[in-house]
Amino acid sequence: MALTGLEIYKQLPKKNCGECGVPTCLAFAMALASGKAALDTCPYVTAAAKEALDSASAPPIKAIKFGKDSVLGDENVLFRHDKTFYHPTTLLIRVSDALSDADVEAKVQEINILEFDRVGLHYSIDGVAVVNESGDAARFEKVASMVAAGTDKSLLLLSSNPEALKAALVPLAARKPLVGEATAENYEAMVNLAKENSVPVILKADGLDALNDLVEKAQALGYKEFVLDPGSRKPVETLANLTHLRRLAIKKKFRPFGYPVVAYTSHPEPLDEILEASVYVAKYASAIVLNTSAKAHILPLMTLRQNLYTDPQKPIQVEPKLHSVGEVNENSPFYVTTNFSLTYYSVEGEVEATKIPSYILPIDTDGTSVLTAYAAGKFEPDKIAQAMEASGIADKVKHRNLIIPGYVAVISGKLGELTGWKVVVGPRESSGIISFAKSQLM
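Heads up: the sequence shown runs through residues -2 to 439, numbered per our numbering.
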């Protein structure tokens, strides 16, 4: 169990130097106990104290790194609004070694093109899970090598046969794949294989009690780079297990469950599978292995993931600089909006649809929408005038017309006085930009 603040305080040097960023050692101890500080920030803590305080300074859920740049775990809260979630759920597409060589190559190519750009953010699939369904170690090794040669994405190698896993893993050890599955029957061979190759390993057991026993046995082998699989494959059972594991790790500081958790979708119908995966993304899966690899199915899941794993206290923003849409010239219209990404990209998409090359200047409103920014005093005439001057728009167009959102028509008079420009009140909603452009700009 984790140490209390007072127990931690007894191990600290009690200098009250403030070099850790906290005024007193007692305050630092309390912050450490609540997971809001790192022990490494104290320059005077002794080696003995560091060892004693390991359980307090370690995050409730251990960070596990594998593959290209995949990070699982390292989460501190149950609910996003308590602080934030840090590491988005890793999404992996399943590739069976029972497929033909041609089908494997086609599947890998399909996975490689699963990349999207939306509201200024780039989405892509994180990795590929190679599954040993053939039962043939040589075939598993060949398919794993084919997948590795065809993509630079993170790899998961799945086999219940230690010999088959070894055959596939050793040539690819430099790629640092996640491997599995270690069960009660094979955990010694599997964990030792992972330890020898310095890669994380999945521990699989049926139910939480059995999983707890397996974790303790695996830890006794001197290795702690684990990802947990509670064995459930029905959505309702998986949801319950994911929730219990996170609660025990976060609320109870139960160290055997302080590891990331992997989930596997089971629905054969792609849309049902994505709905199932959405539940796991929302409720604590660190990694999900999917069957479908169709763009139309994957994008909604990635969008949900991105929404959940943004900081709720820091809205997604675009850079507050002058943007151009199309081949702009000295006659191009000039729009002003806020730098909230959803607002900006809604405006940009509609402006692009008008087929009139235009300039757009997003004002720095700390990532808030038009009405919210205006209500907070962040979308005022003086601020817009300053942003216009800094952008150099006056040197780029020969006209002096600027278009503002219809919801803030009230600022048009003062804005015109400050800038000397003619302020044109545009539509209230971005969806009205096309008709506005046809009637006003053509």
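Think of the CB as a built atom: it goes at the ideal place given N, C-alpha and C, for glycine as much as any other residue. Only a predicted model underlies this, so the values are computations on that prediction, with no experimental measurement involved.
Excluding sequence positions up to five away, which residues of its chain have a Cβ less than 6 Å from the Cβ of residue i?
| i | result |
| --- | --- |
| Met(-2) | Caution applies to Met(-2), whose pLDDT of 47 falls short of 50 and renders its modelled position unreliable; the value that the coordinates give is listed next. Correct list, in chain order: Lys250. |
| His294 | Pro267, Ile271 |
| Cys17 | Phe25, Thr38, Cys39 |
| Leu218 | Val188 |
| Thr365 | Phe337 |
| Lys11 | Cys22 |
| Val315 | Gly117, Asn336, Ser338, Tyr341, Pro359 |
Tell me whether the beta-carbon of residue i lies closer than 8 Å to the beta-carbon of residue j.
| i | j | result |
| --- | --- | --- |
| Glu349 | Ile431 | no |
| Thr335 | Pro297 | no |
| Leu242 | Tyr277 | no |
| Leu211 | Pro227 | no |
| Arg91 | Val128 | yes |
| Ala179 | Val188 | yes |
| Ile108 | Ser290 | yes |
| Val224 | Pro257 | yes |
| Ser440 | Val322 | Nothing can be reported for residue 440, as the shown portion of the chain is limited to -2 through 439. |
| Ala95 | Glu72 | no |
| Gln8 | Ala44 | no |
| Ala165 | Ala141 | yes |
| Leu236 | Lys280 | yes |
| Val196 | Val167 | no |
| Val394 | Glu327 | yes |
| Leu415 | Ala382 | yes |
For residue i, I'd like the list of residues in its chain whose CB is within less than 7 Å of its CB, leaving aside the five on either flank, ordered along the chain.
| i | result |
| --- | --- |
| Val422 | Ile401, Gly403, Ala406, Ser409 |
| Ala145 | Leu152, Leu169, Arg172 |
| Pro253 | Asn209, Val212, Glu213 |
| Val68 | Ala60, Lys62, His84 |
With DSSP run on the structure shown, which of helix, strand or coil describes residue i?
| i | result |
| --- | --- |
| Gln383 | helix |
| Ser263 | coil |
| Phe76 | coil |
| Met404 | Going by the sequence as given, residue 404 is Tyr instead of Met. Helix at Tyr404. |
| Val92 | strand |
| Gly219 | coil |
| Ser131 | coil |
| Leu50 | coil |
| Tyr331 | First, the residue type needs correcting, since residue 331 is Phe and not Tyr in the sequence shown. Strand. |
| Asn109 | helix |
| Lys163 | helix |
| Phe251 | coil |
| Arg243 | helix |
| Gly177 | strand |
| Thr237 | Residue identity check: residue 237 is Ala in the sequence provided, not Thr. Helix, per DSSP. |
| Pro20 | coil |
| Ala391 | helix |
| Arg136 | helix |
| Pro168 | helix |
| Met(-2) | With a pLDDT of only 47 at Met(-2), under the threshold of 50, the placement of this residue in the model should not be trusted; the figure read from the coordinates follows. In this structure, Met(-2) counts as coil in the three-state DSSP scheme. |
| Phe82 | coil |
Distance check for residue j and residue i, CA to CA, integer angstroms please.
| i | j | result |
| --- | --- | --- |
| Leu399 | Pro378 | 12 Å |
| His320 | Phe331 | 10 Å |
| Thr340 | Lys65 | 33 Å |
| Tyr120 | Arg302 | 10 Å |
| Phe63 | Gln310 | 29 Å |
| Ala34 | Tyr83 | 16 Å |
| Met143 | Val259 | 24 Å |
| Val333 | Val367 | 10 Å |
| Ile357 | Leu75 | 40 Å |
| Cys105 | Gly147 | Contrary to the premise, residue 105 reads as Val rather than Cys in this sequence. Near 6 Å, if we compare the C-alpha coordinates of Gly147 and Val105. |
| Ser156 | Val116 | 39 Å |
| Tyr184 | Lys163 | 14 Å |
| Lys292 | Tyr306 | 21 Å |
| Lys47 | Leu36 | 8 Å |
With a threshold of 7 Å, establish whether the CB of residue i neighbours any heavy atom of the ligand GTP.
| i | result |
| --- | --- |
| His84 | This structure lacks the ligand GTP, and indeed carries no ligand of any kind. |
Given residue i, which residues of its chain have a CB within under 8 Å of its CB, disregarding the five upstream and five downstream residues?
| i | result |
| --- | --- |
| Leu3 | Ala26 |
| Ile247 | Pro57, Ile58, Glu72, Asn73, Val74, Leu75 |
The region 71 to 88 contacting the region 116 to 128, beta-carbon criterion three pairs below 8 Å: yes
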